[in-house]
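For the protein sequence lines, the chains are A and B, in the order given. Read in order, the letters of the first sequence correspond to residues 1 to 253 in the UniProt record's numbering. Read in order, the letters of the second sequence correspond to residues 1 to 253 in the UniProt record's numbering. Every residue, glycine too, gets a C-beta built ideally from N, C-alpha and C. Remember, it's a predicted structure, so these values are computed and weren't measured experimentally. Reading through the structure tokens given below for one structure.
2 protein chains.
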Amino acid sequence: MIKKSRRAAEHSSMYVTVDLVIFTVLQDALQVLLIERGNEPYLGRWALPGGYVRDAETLDEAALRELDEETGIDGRRLHLEQLRAYSDPHRDPRGRIITVAYLALGPELPLPTAGTDARAARWIPVTSLVDSQGTLAFDHDVILRDALEQARSRLEYSTVAAAFCPEPFTVGDLRHVYEVIWGVALDPSNFRRKVTHAESFLVPTGERRYPEVGRPAALYRRGAARLLIPPLLRSSDVTGTGTSRVAAVRRER
Amino acid sequence: MIKKSRRAAEHSSMYVTVDLVIFTVLQDALQVLLIERGNEPYLGRWALPGGYVRDAETLDEAALRELDEETGIDGRRLHLEQLRAYSDPHRDPRGRIITVAYLALGPELPLPTAGTDARAARWIPVTSLVDSQGTLAFDHDVILRDALEQARSRLEYSTVAAAFCPEPFTVGDLRHVYEVIWGVALDPSNFRRKVTHAESFLVPTGERRYPEVGRPAALYRRGAARLLIPPLLRSSDVTGTGTSRVAAVRRER
DNA sequence: TCAAAAGTGTTGTTGTTACACCCATGG
DNA sequence: CCATGGGTGTAACAACAACACTTTTGA
């Protein structure tokens, strides 16, 4: 912010946007909120929700505002973190627009209504998008891929997985989140031990949930801990995209 | 990038800068490159090097260019990664300027020459800055703190520590980097086992280095691995700022 | 032969994996 | 009484911390 102010042509102001990668777990799949664009460029293509950053707001505030405008969700109820900035000079055909992507994680959210200039808004299974690249507007394919990896990594070292579960939830609910996002099957007994032994991760309510079939499960709320100690590591090969093998992998040797 | 284009006053273009947190290990301490500002605002105050992003370049390219301009270093020889964006509307008194911070890690670098509009450029021990907050220009104290935590965390899961060591280096050199950055003492034998067992972290050259005193040490170059498997975790309480206890902590119970 | 740093071996502990087994409920 | 998930126990194994010990050099 110091140098080269004499050569004004070399640097000029730019537009800055935030784009939101909003994940939720729905129907045994990780889903991302996409909108169908109602304007040029990329008219009719699916894209991440987002918008311009205003003069007097921080990026975090812009992300929260866009979240509210696009989904009607109160951002304080979900996990929101900055992912990174994307800055290719040609990423937007309208001109120089850099964007800061945000990762948002939340429990089963209401189906959003389309905004004023979006034709539609939908939850889309992430796996269907990652398998077939090149479908989203702008560089949103890349952003989505980075966000997915970030989300998977976050589950290892933090307690954010609980942000996907409406409270109160069972250990089984929580395990389901891990299985869907990592695309693997986890051993129920070992998983239980780990999450219940991690301090301040789960707070028992004392209540139980009676399922249609099977033994009732203890209910929990989210504890105060935000870091998961010790971490819950994925055993390596969690690189694929499929939720298809969730059932198949269990107990394979 | 879609909504509210009719209310132009709400969002306007902004200036975007990159700021560099350049770390090196020098004289048993982690040092950061700072410049003394030669212009208003914050004239005479110490700040992170950085500059405006130009029209036709990505943020990465801007960071590499600034690195070259401020230090004369070829950025391809060191580790460079995006940290995050800082966007407080009042972070720069000149107006709305958001910045994207970069973390750069490299081996003992040449003492930089001051740029055209910086009075001076110096390596400063990080601990002296973190202990006394509120000394740097803009929000650079916050950026520095975030960068330090990021660097400490990176050592756990990646092989970047080797980026601080001029090749070829010994296991002792590498351990020294960990000790200085984490501010703790590590057990030499256990450290050795971990880094030599991690695949493709260290490549033996077959040579040895003969120190002034003591047994000669095997020399290594950096291997191809960028992820450290298994990770080298700091045992928890690595939160302080001091390198002062490096020697004292060893073998405490 | 001593100091100093490199490097090896060993032991107890902790966390993980794989799996056997028991529990509580609705049909 | 059986299917279905919830939940406990346990033995084999891997990683790790602590630390005793050996090796190789210059002085």
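About 6 Å separates the beta carbon of B:Pro204 from that of B:Ala218, a gap short enough to meet the 8 Å contact definition.
When the Cα atoms are used, B:Ala29 and B:Leu105 turn out to be separated by approximately 14 Å. Nearest CB-CB separation between B:Leu59 and chain A: below the 8 Å threshold. Under DSSP, A:Val100 shares a beta bridge with A:Val18 and A:Ala85. With respect to the 8 Å criterion, B:Ile35 and B:Ala120 are classified as neighbours on the basis of their beta carbons.
For A:Val160, the closest Cβ of chain B is not nearer than 8 Å.
Spanning the alpha carbons of B:Asp74 and B:Pro166 requires a straight line of approximately 14 Å. Nearest CB-CB separation between A:Val32 and chain B: not below the 8 Å threshold. Around B:Ser87, the same chain offers Ile98 as residues with beta carbons nearer than 6 Å, after the five sequence neighbours per side are excluded. Contact between A:Leu80 and A:Ala63 holds: their C-beta atoms lie close to 6 Å from each other, under 8 Å.
Between B:Val16 and B:Phe23, the C-beta spacing is not below 8 Å. About 19 Å separates the beta carbons of B:His90 and A:Tyr52, which is beyond the 8 Å limit, so they are not a contact pair.
If the five residues before and after A:Arg94 are omitted, its C-beta is found closer than 6 Å to no C-beta atom of its own chain. With a 10 Å radius around the Cβ and a threshold of 16 neighbouring Cβ atoms, B:Arg221 comes out exposed. Listed by position along chain A, the residues whose Cβ is nearer than 7 Å to that of B:Arg119 form an empty set, because the closest Cβ is around 11 Å away. Within the same chain, Ile181, Trp182, Arg234 and Val238 come within 8 Å of B:Arg152 by CB-CB distance, once the 5 residues on both sides are set aside. Within the segment 131-152 of chain A, those residues whose Cβ lies closer than 9 Å to any Cβ of chain B are, in chain order, Phe138. A Cβ-Cβ contact shorter than 8 Å links B:Pro188 with B:Arg175.
Residue-level contact check: B:Tyr102 does not touch chain A, since none of the beta carbons of chain A fall below 8 Å from its beta carbon.
The beta carbon of B:Pro93 sits no closer than 8 Å to any beta carbon of chain A. Ranking A:Leu129, A:Val171, A:Gln150 and A:Leu136 by CA distance to the CA of A:Asn190 puts A:Val171 first. Only residues of its own chain outside the window of five on either side were considered, and among them Val18, Leu20, Pro49, Gly50 and Gly51 have a CB closer than 8 Å to the CB of A:Glu66, listed in chain order. Using a Cβ-Cβ cut-off of 7 Å, B:Ala85 is close to Leu59, Gln82, Ala85 and Val100 of chain A, given in chain order. Boundaries of the alpha helix (DSSP H) around B:Ala63: Leu59 to Thr71.
In the DSSP assignment, A:Val195 falls within the unbroken alpha helix (DSSP H) covering Pro188 to His197. Under the three-state reduction of DSSP, B:Phe201 is assigned to coil, being neither helix nor strand.
Sixteen is the threshold: since fewer than 16 other Cβ atoms of the shown chains lie within 10 Å of the Cβ of A:Ala224, the residue is exposed. A:Leu228 is a Cβ neighbour of A:Tyr157, given a cutoff of 8 Å. When the five nearest sequence neighbours on each side are left out, the beta carbons in the same chain lying within less than 7 Å of the beta carbon of B:Ala161 are those of Leu155, Leu174, Val177 and Tyr178, in order along the chain. One alpha carbon belongs to B:Leu186, the other to B:Gly72, and they sit about 34 Å apart. At a cut-off of 8 Å between beta-carbon atoms, B:Val53 makes contact with chain A. The beta carbon of B:Val213 sits no closer than 8 Å to any beta carbon of chain A. Within chain B, the residues whose beta carbon sits less than 8 Å from that of A:Asp88 are Thr58, listed in sequence order. Interface flag for B:His79 against chain A is unset, since no Cβ pair is found closer than 8 Å. Annotation for B:Val171: the continuous alpha helix (DSSP H) segment containing it runs Val171 to Trp182.
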